[in-house]
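Take the sequence shown: its position 260, counting from 1, is numbered 261 in our numbering, and each next residue is one higher.
Report on one structure; see the data block that follows.
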Amino acid sequence: MPILIVLENPKSWPLKVPRGVEVVPAKTYLLDKLYSQMRSAKVFNFCRSYSYQTVGYYVSLLAAARGHKPLPSITTFQDLKLSPVVRIASADMEELLQESLKRIKSKTFVLTVYFGHNIAPRYDRLSKALFNAFPAPFLSATFRHDGQWELESIRPIATSEIPAAHKDFVLDKAKDYFTKPFRVARPRTAYRFDLAILNDPNATEKPSTEKAIRKFIKAAKSVGLDPEIIGKDDYGRLAEFDALFIRETTYVNHHTFRFSRRAAAEGLVVIDDPDSILKCTNKVYMQELFDRHGINSPKTMVVHEDNAEQIISNIGLPCVIKRPDSSFSKGVIKVEKAEDLIPKVMSFLEDSELALAQEWVPSGYDWRVGVLDRKPIFVCKYHMAKGHWQIVSVDSKGERDFGRVEAMYIEDAPPPVTALALRAANLVGDGFYGVDVKEVNGRFMVMEVNDNPSVDCGYEDAVYKDEVYLAVMRTFVERLEAKRR
Numbered sequence: 002m003p004i005l006i007v008l009e010n011p012k013s014w015p016l017k018v019p020r021g022v023e024v025v026p027a028k029t030y031l032l033d034k035l036y037s038q039m040r041s042a043k044v045f046n047f048c049r050s051y052s053y054q055t056v057g058y059y060v061s062l063l064a065a066a067r068g069h070k071p072l073p074s075i076t077t078f079q080d081l082k083l084s085p086v087v088r089i090a091s092a093d094m095e096e097l098l099q100e101s102l103k104r105i106k107s108k109t110f111v112l113t114v115y116f117g118h119n120i121a122p123r124y125d126r127l128s129k130a131l132f133n134a135f136p137a138p139f140l141s142a143t144f145r146h147d148g149q150w151e152l153e154s155i156r157p158i159a160t161s162e163i164p165a166a167h168k169d170f171v172l173d174k175a176k177d178y179f180t181k182p183f184r185v186a187r188p189r190t191a192y193r194f195d196l197a198i199l200n201d202p203n204a205t206e207k208p209s210t211e212k213a214i215r216k217f218i219k220a221a222k223s224v225g226l227d228p229e230i231i232g233k234d235d236y237g238r239l240a241e242f243d244a245l246f247i248r249e250t251t252y253v254n255h256h257t258f259r260f261s262r263r264a265a266a267e268g269l270v271v272i273d274d275p276d277s278i279l280k281c282t283n284k285v286y287m288q289e290l291f292d293r294h295g296i297n298s299p300k301t302m303v304v305h306e307d308n309a310e311q312i313i314s315n316i317g318l319p320c321v322i323k324r325p326d327s328s329f330s331k332g333v334i335k336v337e338k339a340e341d342l343i344p345k346v347m348s349f350l351e352d353s354e355l356a357l358a359q360e361w362v363p364s365g366y367d368w369r370v371g372v373l374d375r376k377p378i379f380v381c382k383y384h385m386a387k388g389h390w391q392i393v394s395v396d397s398k399g400e401r402d403f404g405r406v407e408a409m410y411i412e413d414a415p416p417p418v419t420a421l422a423l424r425a426a427n428l429v430g431d432g433f434y435g436v437d438v439k440e441v442n443g444r445f446m447v448m449e450v451n452d453n454p455s456v457d458c459g460y461e462d463a464v465y466k467d468e469v470y471l472a473v474m475r476t477f478v479e480r481l482e483a484k485r486r
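In structure tokens form, the structure reads like this:
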């Protein structure tokens, strides 16, 4: 993919750019057919102004229309104008904000941010957070102190506004920024699209191990995708990519959801999409969906402070209590004694207005059906951990023990399992889901639909091998090609 630096007068750009990066006059980029017909490009917009209907505004606008990847994007322009978005960003970084500015005695403070950095290193963490929230090369943020520090406003600044005293620093940071992402020259003809894979190799709970991630990378390259592993500090780089694949456990109040939402707003193909994350990470929503559409599931009631006493009469004992956002068997407890029920339910309700009480349905295993784009791509049995009622048991030291995973051909699974799993997943969307189904005495019940399903070497892929990884990457290519048509 070509990399373009666009500004009004290239002669005013003093930085030596890395090989493969082209400096283009703004009017040439806007009017020359060479660029309007270019199928893909990364466009770094360094025009003097980004105001509405200026040359800088049109560079990012037409870049988006051409399927190019502009920084800053029109989405960033709009976010910077919206007070609610600025307030949300201020709340998200409140602790960092107070810590970074605690030494300042004045009532207002202006921070300039150059590629996620400030000329004073002590503000680098705050600068990085601002760049991630509002991805633009140069920013000016104004903070006001009224009992505590708050972000009052933030705006992009053009090269013409950079103080002379900051010039050398800015050039150094620009050099670092351009050199790092493009350090390794790649054969551009081999790849059609850029894919970001969000992954934290240090996470204790993750949907894919490092070995499985390598298999996803290999599959991506084989179908014409150029994959790059990114982390939570790369939020500001999302506009550089065509697609985002999230391989971290997702939560709504978490960077994974912010990445998904921003990527979708920038027009990237996203798995897991924000709608799927919102739906799948809340068990209360999921149960309402099942009830409304007649999906077989265990007897369940939504619990709050006023109806907790009705659990025994409605559900019985033993029962299972779930937090709405439970995952990896965390936030799920089994209650067997009546005297333990209310205290345990109330402990859950300290963090959430609602919880779920569900009949206990004992079984030796759960069926797991991997569904992608409304089709099954793998089926396996998740056996319960030895001596435990869940597929994962955790001892007092935090050591985890998993039950056995038994993969099989899709056609070898009972037809009601895959049919019910598809019906449930299709109510959520056309993303990538792991549907858990229990089979008890010939009765099939959906336990839950999970976004971001586990895919690991020797487990979910034990039968279909590399085809599981290829299926995911082919879906990205199909959706990216559909966007181009």
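Yeah, the Cβ is synthetic: ideal placement off N, Cα and C, and Gly gets one too.
Predicted model only: the values in this text are computed from it and were never measured.
Give me the residue from the options with the minimum Cα distance to residue i.
{"i": "D413", "options": "Q99, F116 and V370", "result": "V370"}
{"i": "A134", "options": "N46, Y236 and V111", "result": "Y236"}
{"i": "N46", "options": "A159, L239 and Q79", "result": "A159"}
{"i": "E468", "options": "F217, L421 and S364", "result": "F217"}
{"i": "K300", "options": "E289, E310 and V456", "result": "E289"}
{"i": "S327", "options": "Y252, D292 and F258", "result": "Y252"}
{"i": "M446", "options": "K338, Y366, F379 and S455", "result": "Y366"}
{"i": "L81", "options": "R293, A92 and Y51", "result": "Y51"}
{"i": "V441", "options": "D93, V362 and Y410", "result": "V362"}
{"i": "E360", "options": "E337, F379, V25 and C381", "result": "E337"}
{"i": "V380", "options": "R401, A358, Y410 and T205", "result": "Y410"}
{"i": "E267", "options": "K129, L355, T77 and A27", "result": "T77"}
{"i": "N297", "options": "K233, M448 and V87", "result": "M448"}
{"i": "K63", "options": "T29, Q99, S154 and P319", "result": "The identity of residue 63 in the sequence shown is Leu, whereas the question assumes Lys. Measuring from the Cα of L63, the nearest candidate turns out to be T29."}
{"i": "V429", "options": "I231, R293 and T109", "result": "R293"}
{"i": "K466", "options": "R444, P275, K212 and E482", "result": "K212"}
{"i": "A356", "options": "H118, A309 and D147", "result": "A309"}
{"i": "D307", "options": "P325, E340, S261 and E354", "result": "E354"}
Please state if the CB of residue j and the CB of residue i are separated by a distance shorter than 8 Å.
{"i": "D227", "j": "Y192", "result": "yes"}
{"i": "I247", "j": "N453", "result": "yes"}
{"i": "V418", "j": "V450", "result": "no"}
{"i": "K323", "j": "G317", "result": "no"}
{"i": "A408", "j": "Y460", "result": "yes"}
{"i": "A1", "j": "Y470", "result": "The requested residue 1 is not part of the displayed model; the chain covers only 2 to 486."}
{"i": "E249", "j": "K280", "result": "no"}
{"i": "L423", "j": "P377", "result": "yes"}
{"i": "W14", "j": "L8", "result": "yes"}
{"i": "D97", "j": "R123", "result": "Note that residue 97 corresponds to Leu in the displayed sequence, not to Asp. No; because the gap between Cβ atoms is not below 8 Å, this pair is not in contact."}
{"i": "F1", "j": "I278", "result": "Look at the range of the chain in this structure, 2 to 486, and you will see that residue 1 is not part of it."}
{"i": "Y59", "j": "L31", "result": "yes"}
{"i": "D457", "j": "S209", "result": "yes"}
{"i": "H1", "j": "L373", "result": "Outside the displayed span of the chain (2 to 486) sits residue 1, for which this structure offers no information."}
{"i": "K484", "j": "V321", "result": "no"}
{"i": "L152", "j": "L199", "result": "no"}
{"i": "F132", "j": "L196", "result": "no"}
{"i": "A358", "j": "M287", "result": "no"}
{"i": "L112", "j": "A92", "result": "no"}
{"i": "V56", "j": "Y115", "result": "no"}
{"i": "F433", "j": "D173", "result": "no"}
Helix, strand or coil: which one does DSSP assign to residue i?
{"i": "F403", "result": "strand"}
{"i": "L355", "result": "coil"}
{"i": "S141", "result": "strand"}
{"i": "H118", "result": "strand"}
{"i": "N297", "result": "coil"}
{"i": "E206", "result": "coil"}
{"i": "T190", "result": "Low confidence applies here, because T190 scores a pLDDT of 47, under 50, leaving its location unreliable and the question unanswered by this model."}
{"i": "S327", "result": "strand"}
{"i": "D177", "result": "helix"}
{"i": "D227", "result": "strand"}
{"i": "R156", "result": "strand"}
{"i": "N10", "result": "coil"}
{"i": "E337", "result": "coil"}
{"i": "V185", "result": "Residue confidence is low: V185 scores 37 on pLDDT, short of 50, so the model does not pin down where it sits. Its coordinate-derived value is still stated next. Reduced to three states, the DSSP call for V185 is coil."}
{"i": "L5", "result": "strand"}
{"i": "F242", "result": "coil"}
{"i": "V370", "result": "strand"}
{"i": "G332", "result": "strand"}
{"i": "F45", "result": "strand"}
{"i": "V171", "result": "helix"}
Which parts of the stretch 414-460 are runs of the alpha helix (DSSP H), unbroken and 4 residues or longer, counting only runs that do not cross its ends?
416-429
Quick one: any contact between the stretch 57-76 and the stretch 26-45, if contact means 3 or more CB pairs under 8 Å?
yes
If contact is defined by three or more beta carbon pairs under 8 Å, each pair taking one atom from either stretch, is the stretch 333-347 in contact with the stretch 376-388?
no
Which full runs of the alpha helix (DSSP H) of 4+ residues lie inside the stretch 57-90, going along the chain?
75-82
Can you find at least 3 beta carbon pairs, one from the stretch 124-138 and one from the stretch 71-81, that sit closer than 8 Å?
yes
Pick out the complete alpha helix (DSSP H) segments inside the stretch 246-312, 4 residues or longer, and give them in chain order.
256-266, 275-281 and 284-294
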